[in-house]
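I have placed the structure first, in the form of structure tokens, so that the comments after it can refer back to it.
2 protein chains.
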Amino acid sequence: MAILYRAGCQLFCTFIVFAGLFLVPSTSLPYARRVIGLNNHALPSDSSSSVQYDVKYFTQTLDHFSFTPQSYVTFQQKYLINSKHWGGASSNSPIFIYTGNEGYIEWFTQNTGFMFDIAPQFKALLVFIEHRYYGESMPFGSQDVAYSNATTMGYLSSSQALADFAILITDLKKNLTAEDSPVVVFGGSYGGMLAAWFRLKYPHIAIGALASSAPILAFDYIVNPDGFDNIVSNDFRSESENCYNVIKKSWKILEEMSSTPSGRKSLKESFRLCKDSDVDGVEGWLSGAYFEAAETDYPTPANFIQNLPAYPVKQMCKAIDNPSSEKNILSQLYGAANIYYNYTGNLSCFDLGFGDPHGESGWGFQYCTEMVMPMGDDPIESMFPGYTFNYTETMQGCAYANGIEPRPHWITTEFGGHNIKRVLKRFGSNIIFFNGLRDPWSNGGVLEDINESIVAIIAKEGAHHVDLRFATMDDPKWLIQVRKKEIGIIKRWIMQYYKDLHTT
Amino acid sequence: MAILYRAGCQLFCTFIVFAGLFLVPSTSLPYARRVIGLNNHALPSDSSSSVQYDVKYFTQTLDHFSFTPQSYVTFQQKYLINSKHWGGASSNSPIFIYTGNEGYIEWFTQNTGFMFDIAPQFKALLVFIEHRYYGESMPFGSQDVAYSNATTMGYLSSSQALADFAILITDLKKNLTAEDSPVVVFGGSYGGMLAAWFRLKYPHIAIGALASSAPILAFDYIVNPDGFDNIVSNDFRSESENCYNVIKKSWKILEEMSSTPSGRKSLKESFRLCKDSDVDGVEGWLSGAYFEAAETDYPTPANFIQNLPAYPVKQMCKAIDNPSSEKNILSQLYGAANIYYNYTGNLSCFDLGFGDPHGESGWGFQYCTEMVMPMGDDPIESMFPGYTFNYTETMQGCAYANGIEPRPHWITTEFGGHNIKRVLKRFGSNIIFFNGLRDPWSNGGVLEDINESIVAIIAKEGAHHVDLRFATMDDPKWLIQVRKKEIGIIKRWIMQYYKDLHTT
Numbered sequence: 081m082a083i084l085y086r087a088g089c090q091l092f093c094t095f096i097v098f099a100g101l102f103l104v105p106s107t108s109l110p111y112a113r114r115v116i117g118l119n120n121h122a123l124p125s126d127s128s129s130s131v132q133y134d135v136k137y138f139t140q141t142l143d144h145f146s147f148t149p150q151s152y153v154t155f156q157q158k159y160l161i162n163s164k165h166w167g168g169a170s171s172n173s174p175i176f177i178y179t180g181n182e183g184y185i186e187w188f189t190q191n192t193g194f195m196f197d198i199a200p201q202f203k204a205l206l207v208f209i210e211h212r213y214y215g216e217s218m219p220f221g222s223q224d225v226a227y228s229n230a231t232t233m234g235y236l237s238s239s240q241a242l243a244d245f246a247i248l249i250t251d252l253k254k255n256l257t258a259e260d261s262p263v264v265v266f267g268g269s270y271g272g273m274l275a276a277w278f279r280l281k282y283p284h285i286a287i288g289a290l291a292s293s294a295p296i297l298a299f300d301y302i303v304n305p306d307g308f309d310n311i312v313s314n315d316f317r318s319e320s321e322n323c324y325n326v327i328k329k330s331w332k333i334l335e336e337m338s339s340t341p342s343g344r345k346s347l348k349e350s351f352r353l354c355k356d357s358d359v360d361g362v363e364g365w366l367s368g369a370y371f372e373a374a375e376t377d378y379p380t381p382a383n384f385i386q387n388l389p390a391y392p393v394k395q396m397c398k399a400i401d402n403p404s405s406e407k408n409i410l411s412q413l414y415g416a417a418n419i420y421y422n423y424t425g426n427l428s429c430f431d432l433g434f435g436d437p438h439g440e441s442g443w444g445f446q447y448c449t450e451m452v453m454p455m456g457d458d459p460i461e462s463m464f465p466g467y468t469f470n471y472t473e474t475m476q477g478c479a480y481a482n483g484i485e486p487r488p489h490w491i492t493t494e495f496g497g498h499n500i501k502r503v504l505k506r507f508g509s510n511i512i513f514f515n516g517l518r519d520p521w522s523n524g525g526v527l528e529d530i531n532e533s534i535v536a537i538i539a540k541e542g543a544h545h546v547d548l549r550f551a552t553m554d555d556p557k558w559l560i561q562v563r564k565k566e567i568g569i570i571k572r573w574i575m576q577y578y579k580d581l582h583t584t
Numbered sequence: 081m082a083i084l085y086r087a088g089c090q091l092f093c094t095f096i097v098f099a100g101l102f103l104v105p106s107t108s109l110p111y112a113r114r115v116i117g118l119n120n121h122a123l124p125s126d127s128s129s130s131v132q133y134d135v136k137y138f139t140q141t142l143d144h145f146s147f148t149p150q151s152y153v154t155f156q157q158k159y160l161i162n163s164k165h166w167g168g169a170s171s172n173s174p175i176f177i178y179t180g181n182e183g184y185i186e187w188f189t190q191n192t193g194f195m196f197d198i199a200p201q202f203k204a205l206l207v208f209i210e211h212r213y214y215g216e217s218m219p220f221g222s223q224d225v226a227y228s229n230a231t232t233m234g235y236l237s238s239s240q241a242l243a244d245f246a247i248l249i250t251d252l253k254k255n256l257t258a259e260d261s262p263v264v265v266f267g268g269s270y271g272g273m274l275a276a277w278f279r280l281k282y283p284h285i286a287i288g289a290l291a292s293s294a295p296i297l298a299f300d301y302i303v304n305p306d307g308f309d310n311i312v313s314n315d316f317r318s319e320s321e322n323c324y325n326v327i328k329k330s331w332k333i334l335e336e337m338s339s340t341p342s343g344r345k346s347l348k349e350s351f352r353l354c355k356d357s358d359v360d361g362v363e364g365w366l367s368g369a370y371f372e373a374a375e376t377d378y379p380t381p382a383n384f385i386q387n388l389p390a391y392p393v394k395q396m397c398k399a400i401d402n403p404s405s406e407k408n409i410l411s412q413l414y415g416a417a418n419i420y421y422n423y424t425g426n427l428s429c430f431d432l433g434f435g436d437p438h439g440e441s442g443w444g445f446q447y448c449t450e451m452v453m454p455m456g457d458d459p460i461e462s463m464f465p466g467y468t469f470n471y472t473e474t475m476q477g478c479a480y481a482n483g484i485e486p487r488p489h490w491i492t493t494e495f496g497g498h499n500i501k502r503v504l505k506r507f508g509s510n511i512i513f514f515n516g517l518r519d520p521w522s523n524g525g526v527l528e529d530i531n532e533s534i535v536a537i538i539a540k541e542g543a544h545h546v547d548l549r550f551a552t553m554d555d556p557k558w559l560i561q562v563r564k565k566e567i568g569i570i571k572r573w574i575m576q577y578y579k580d581l582h583t584t
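Protein chains in written order, with my numbering: chain A, 81 to 584; chain B, 81 to 584.
Written as structure tokens, this is what we have:
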């Protein structure tokens, strides 16, 4: 039986593993976000009147940690800056930095309204820095060249990205004569990991970090690899036991149908797939919808990964539980998928081809080098078909290009993670780890306070970095409280900083 | 007038700058330790019965921070291990690591007797790790190949070295099933910088660091660039005002003599130089002797850089103050130099050619890439002729090979340093910064407590990492007290760790 597997793509990338091998495009290196890409995603736009910024570019060095001739190659790193509310350098007003993750920086900027919302009260300068090898911040002139082989792609790494941030921020502060302005870093998801690591590795540059939905413990078996999909499953189960059961039993049916011509015809028609070959991607397409709906199970309508109603998991389960389709599992599943992938109702058929509307395709390389996150399915507890993660298979699946092999223990060696409570109990300060427990990524999050200023904020109703989204009139009380708490903590960091500034 | 200048070689490398340009061998990349190299240095030996170890090699990755095909190249990293007193993994007995610096690891091991002295009371495993590109730990098979150009040499960097340590230690602990054994890192000079940075960057691997004579503030004008030579000058002045004055007035005389054939002849004869061309190196040779004598002004006889009597600065000043030679400045200076360079009396003449008995020649590359330490001379306060450091000259002097340019702000960007007290006051723990105030490198050291567990230990009579040397019967009280204090602090770290281990 085919093994269905959702790998460690930070936000939502989906892979299908058959017989332990990633089904990856054989001709191109990056293969992130395979299967679930659709063509109806809106490209980043800055139509929102709240999201205003100037676009800037910084001449960045390719390799900070070596001194080979190649390391001196430079590229243009994009960043967005909003100084509307900044109190200025003369008053040492704060600088809030978003440590960009795997995609267009505009996309993350638009989905980090929290920083815009709080800028006025902090008189903060806002800066959103794009991560190297994503969006426009492409070494070697273009994505085609940068992604063409491991010799050019190989400088895509979290350590290089953190050093990029360090250098850009230091230079920016100097240019603004704002050396004494406190910097607070913000990030969600992989960007949240970067924010937390940035505070730990560069305490001389950032006085604190808000690391939202940052699964820094998702590596090296620190947490249960099956926990991610268990959370997805429990999200659906929390809406309805029937919903969970229908999905759980569907995999076998889908698998059997996809093995016969008549079954494939039926799958194509039932799911309104555009092409015959899309049938091979149905399992990944559906599991992607479940995973991402759980991830983005926001309490208000949102257009982050997809344009979705409030509480999409509830809506999908409603479709599955719909009495009019209950005798036909395919139409139940279709109903759920249609909510996730076609809430606006614009699509006449689903094209499961590779699409990359948010500029994330470099993540495949990161996943296959350093971001090796063990993730499997528990066949009993989860609604997924069951898969035991193992490194060997992952390595086999990854070692497809130029002999580049995963370094599965690198992240924990470089950034820690094992016994984090003991390690950081007496080391480090000023990090907020926010996690929403409906978010599968919370499985890899820091869920307990580590010391008095490295703290965990938990929202059991929360989804993937929901705290970082723009406030809306419909926000539930718990979300208002979370943000209030975060604001209070950041204020204390800054006040403490000013006090220290004047006494040391 | 020629500008005499002693650049940032960590232990004792000396450069001469004429008209602002380094006088470097034009044919080879590494040029550290120019001028002062002599051929009478003993090669590392392990004759001391107290210094026993097994020699091991670890397969290390060339580039930890990138994922190019080249980054996967491996090399053999040497380390020395002594398990004689180790209490073993079952009792989580500690592991003491020396983070090797720029030279043969045997050399540092022999000069870090403190670790051997305290191993029994801590039941500690001792491990001394050689730094990449030094000694035997040479990528690309040999020093000739590794040092041949910047494409192979470029992976020599402090960040790569720290990651080497992290990976080796993690692997070693795993192989010993000693994952819960606390690791304390020790280092002197550049090795002390690495120890301190290792604790800051890898708190999940080392519970604490003894950073001895680690000039982590020697970068980016954090401290007065002239302070190093002022300390040397004050050391000599503290022995005798005449000694200081003779040296101070000597430079002009030497300069004038070296510009005429008869003067050169006289210099060659007076200093017993082997070759005519050695005359060009006399100023660097003498200033090297003053700098290094101040650095190694130990209270007991020692053979670290040179075989020297106790308090060599005092002995050199005695030679200068010697009434029998007081009418002849050249014979005064010769007397001092002869004590420093020929205390054993074995040399019939001085060969000022390039020698590298301790395997440090890679430092020139480090100095010219990341370890750019501003150092000059104050013409009033110091006994040196006066030189105002500037980056432009340094860069011109360094940009001689393959377009490799210095990154003078990199160290402070990556590791901090500016406002260190404010930055680390509420961040980080468990570092001892030892400095002896007679050591010129103490100018770049941390001389004040930063928080309750990042502490400074100062010995006003102390020289370069004197605390790390073997205890002797003749050690002065202050030195005994320093070591006692260090032992007490390290004990507290370990006890705290065990307590945390059992409660978290």
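C-beta atoms are modelled at their ideal positions from N, C-alpha and C, and glycine is treated no differently. All values derive from a computational prediction rather than experimental measurement.
Rounded separation between residue i and residue j - CA only
i: VAL225/B; j: TYR213/B; result: 11 Å
i: VAL359/A; j: THR340/A; result: 11 Å
i: PRO149/B; j: VAL263/B; result: 32 Å
i: GLY343/B; j: PHE495/B; result: 48 Å
i: TYR152/B; j: HIS582/B; result: 39 Å
i: MET27/B; j: GLU528/A; result: Nothing about residue 27/B can be reported from this structure: the residues present for chain B run from 81 to 584 only.
i: LEU432/B; j: GLN156/A; result: 48 Å
i: SER170/B; j: ASN322/A; result: 51 Å
i: VAL526/A; j: GLY288/A; result: 16 Å
i: PHE507/B; j: SER217/A; result: 32 Å
i: TYR447/B; j: ARG487/B; result: 10 Å
Option in the options with minimal Cα separation from residue i
i: GLU324/B; options: TRP331/B, MET463/B, GLY496/B; result: Just to set this straight, residue 324/B is Tyr in the shown sequence, not Glu. Of the listed residues, the one whose Cα sits closest to TYR324/B is MET463/B.
i: TYR421/A; options: THR449/A, GLU321/A, PRO392/A; result: PRO392/A
i: ILE530/B; options: ASN510/B, HIS545/B, ALA169/B; result: ASN510/B
i: TYR577/A; options: GLY221/A, ASN418/A, PHE384/A, ILE175/A; result: ILE175/A
i: LEU297/A; options: SER522/A, VAL546/A, ALA551/A; result: SER522/A
i: THR585/A; options: ALA382/A, TRP558/A, PHE445/A; result: There is no way to answer for residue 585/A, as the model of chain A reaches only from 81 to 584.
i: PHE513/B; options: ASN426/B, ILE537/B, ALA369/B, PRO465/B; result: ILE537/B
i: ILE574/A; options: VAL503/B, SER238/B, CYS354/B, ILE570/B; result: VAL503/B
Rounded distance between the beta-carbons of residue j and residue i, thought under 8 Å
i: ALA543/B; j: ASP519/B; result: 5 Å
i: THR192/B; j: LEU548/B; result: 5 Å
i: PHE138/A; j: ASP251/A; result: 7 Å
i: GLN240/A; j: ASP143/A; result: 7 Å
Cβ-Cβ distance between residue i and residue j below 8 Å
i: THR449/A; j: PHE147/B; result: yes
i: SER318/A; j: ASP401/A; result: no
i: GLU375/B; j: GLY183/B; result: no
i: SER310/B; j: ASP458/B; result: The question names Ser, but residue 310/B is Asn in the sequence shown. Yes, they are a contact pair.
i: VAL312/B; j: LEU334/B; result: no
i: GLY516/A; j: VAL546/A; result: yes
Residue-level contact to chain D via CB, residue i, 8 Å cutoff
i: ASP143/A; result: Absent from the structure is chain D; the protein chains it does hold are A and B.
beta-carbon residue i near the ligand GDP non-hydrogen atom, thresh 7 Å
i: TYR227/A; result: Absent from the structure shown: the ligand GDP. Ligands present: none.
Looking at C-beta atoms only, is the number of pairs between the stretch 297-310 of chain B and the stretch 450-460 of chain B that lie closer than 8 Å three or more?
-> These segments touch.
Any 3 or more C-beta pairs closer than 8 Å across the stretch 195-204 of chain B and the stretch 402-415 of chain B = The stretch 195-204 of chain B is not in contact with the stretch 402-415 of chain B.
Do the stretch 263-273 of chain B and the stretch 164-181 of chain B touch if we need at least three Cβ pairs shorter than 8 Å?
-> yes
Does the stretch 231-248 of chain B come close enough to the stretch 273-282 of chain B to have 3 or more Cβ pairs within less than 8 Å?
-> Yes: at least three Cβ pairs fall under 8 Å.
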